[in-house]
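Student: Just dropping this structure here.
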Amino acid sequence: MRVGAGISAGHDPLTAGVAAARLAGEQLGDVQPDLAIVFASGAHLAAPEATLAGVASVLSPNTLIGCAAGGVLGGGRELESGTALSVWAGAFDGVGSATAFHATVHEDGEEATIEGLPELNQSSGVLMLCDPYTFPTDSVLALIADAAPTVSVLGGISSARTPDGQGALFCNDEVFESGAVGVNLEGVEMLACVSQGAAPLGREVTITAGEGNVITELAGRPALETVDQIIAELSPRERTLIAGGLLIGIVIDGGKPEYEQGDFLVRGVLGADPDSGSLAVSTTVQPGQVLRLHARDAQSADEDFRRALRLHVEAMGHEPPAGAIVFSCNGRGSSMFGVPDHDAAAVHYELRGAPAAGFFAAGEIGPVGGRSFLHGFTATVAVFPS
């Protein structure tokens, strides 16, 4: 597999599309890409068709998808606002394929149906970009998990609108205002790297009673009482982290003798009832699941992201990948880390300079415990081995 990536801060849609595509094409050589992905922000959203035409005139990809972005990244750089364009291109050398789709929601009375999702019987992975207002990403991910439990879905939620307030999703040479666009990969190895950027704190406990998104008991005692006791056992620094925002990590794939940081699905606490001692969290729970408190800060987010990337390099025999696509939360960037280019620079360094492109999403899609979820404050990376 071969990958190229290019970034442009030019304001003219056609010219910038050509410039970013040429940078990507230079890394591909004379090979025509099977797939191109375009992330566009700022002035490009006034005339996205011109941007796509510029990319297509250089790369002539067999398949193209993309979306409107609040900011883009690539080549170790992050352009978090303003006008910018990031282009990723991949050639599969005849051993795989990418089939584009546009999925939409249709309501018939009180029922809603999803149309346009591909058959996933032979899928090796799905990349999906969703509109935040017109597509029920959580529900669709649950449908995919039931229909194809071994298929990883990676991607993100579009984080910008056109000047007239419409969505902008790209599928080949068309621009759609709603739904989701994506590609179903077949025969293409795609490794999912998910960093939720939160550090586990305290001891593990088991949910002994709960229903829906409400935890009633932990370790046989009222949930709130148990959480308070765990917090009291933490170090002063850990309690300071918890004071900045308590998170709950829940093991999705149980049965291991020990759980590591990446085994927990990290979710926020929605509220607590002092009278009953119950906790409401932003995911469904069930008795028997293992839980651990989490907290997020810049240091833990940096360490977790770099650790996750290194594990993938180790899994590839310490060889740099062909390339990567990065979906970083728009709550990360300089507002979280205090410096520019954090996630892009980490990807560039840890993946040994492999071509990478991506965007700042309003929600990131990636698997935890073998099932794909919609996350927040997460960096999700699709890594393609050489």
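Numbering-wise (the working numbering), the sequence shown opens with residue 1203 and increments by one.
Note that the Cβ used here is the ideal one computed from N, Cα and C, for glycine as well.
At what residues does the beta strand (DSSP E) containing Ile1209 begin and finish?
Tutor: Secondary structure note for Ile1209: its beta strand (DSSP E) is the uninterrupted segment Arg1204 to Ser1210.
Student: Could you pull out every residue in the same chain whose Cβ sits closer than 6 Å to the Cβ of Ile1527, ignoring the five residues on either side in sequence?
Tutor: Trp1290, Gly1560 and Ala1584
Student: Determine the closest residue to Leu1576 out of Asp1545, Ser1397, Pro1438 and Ala1222, with distance taken between C-alpha atoms.
Tutor: Ser1397
Student: Which class does Val1260 belong to by DSSP, given the choice of helix, strand or coil?
Tutor: Of the three classes helix, strand and coil, the one that applies to Val1260 here is helix, per DSSP.
Student: Would Val1390 and Phe1294 qualify as a contact pair, given that the criterion is a beta-carbon distance under 7 Å?
Tutor: In this structure, Phe1294 lies closer than 7 Å to Val1390 by Cβ.
Student: Determine the DSSP secondary structure at Leu1393, reduced to helix, strand or coil.
Tutor: strand
Student: Who pairs with Leu1475 in a beta bridge, going by DSSP?
Tutor: Note on residue identity: the sequence assigns Asp, not Leu, to residue 1475. For Asp1475, which the question treats as bridged, DSSP gives the partners Ser1480.
Student: Assuming His1514 and Leu1393 make a contact with CB atoms under 8 Å, what is their CB distance in whole Å?
Tutor: 6 Å
Student: How far does the alpha helix (DSSP H) with Ile1346 in it extend, from its first residue to its last?
Tutor: Thr1339 to Ala1349
Student: Classify Leu1472 as buried or exposed, calling it buried when 16 or more other Cβ atoms lie within 10 Å of its own Cβ.
Tutor: exposed
Student: Whole alpha helix (DSSP H) runs in the segment 1351–1417 with 4 or more residues, listed along the chain?
Tutor: none
Student: Are there 16 or more other CB atoms within 10 angstroms of the CB of Arg1405, so buried, or fewer, so exposed?
Tutor: exposed
Student: Considering only DSSP beta bridges, list what Val1594 is partnered with.
Tutor: Because the chain is modelled from 1203 through 1588, residue 1594 falls outside the range shown and cannot be assessed.
Student: State the start and end residues of the unbroken beta strand (DSSP E) segment that holds Ser1502.
Tutor: Taken as a continuous stretch (DSSP letters only), Ser1502 belongs to no beta strand (DSSP E), being part of the alpha helix (DSSP H) at Ala1500 to Ala1517.
Student: Which residue marks the beginning of the alpha helix (DSSP H) containing Phe1539, and which one marks its end?
Tutor: Gly1535 to Phe1539
Student: Any chance the segment 1496–1515 sits against the segment 1532–1546, with 3 or more Cβ pairs inside 8 Å?
Tutor: The segment 1496–1515 and the segment 1532–1546 touch, with no fewer than 3 CB-CB distances between them shorter than 8 Å.
Student: Would you call the segment 1422–1435 and the segment 1343–1351 in contact, with 3 or more CB pairs under 8 Å?
Tutor: no
Student: So Gly1284 packs on Phe1562, CB below 8 Å; how close in whole Å?
Tutor: Actually they are not in contact, since the Cβ atoms of Gly1284 and Phe1562 sit about 12 Å apart, beyond 8 Å.
Student: Who does Arg1494 pair with in a DSSP beta bridge?
Tutor: Under DSSP, Arg1494 shares a beta bridge with Gly1451.
Student: What separation, rounded to the nearest whole angstrom, lies between the Cα atoms of Ala1211 and Ser1361?
Tutor: 18 Å
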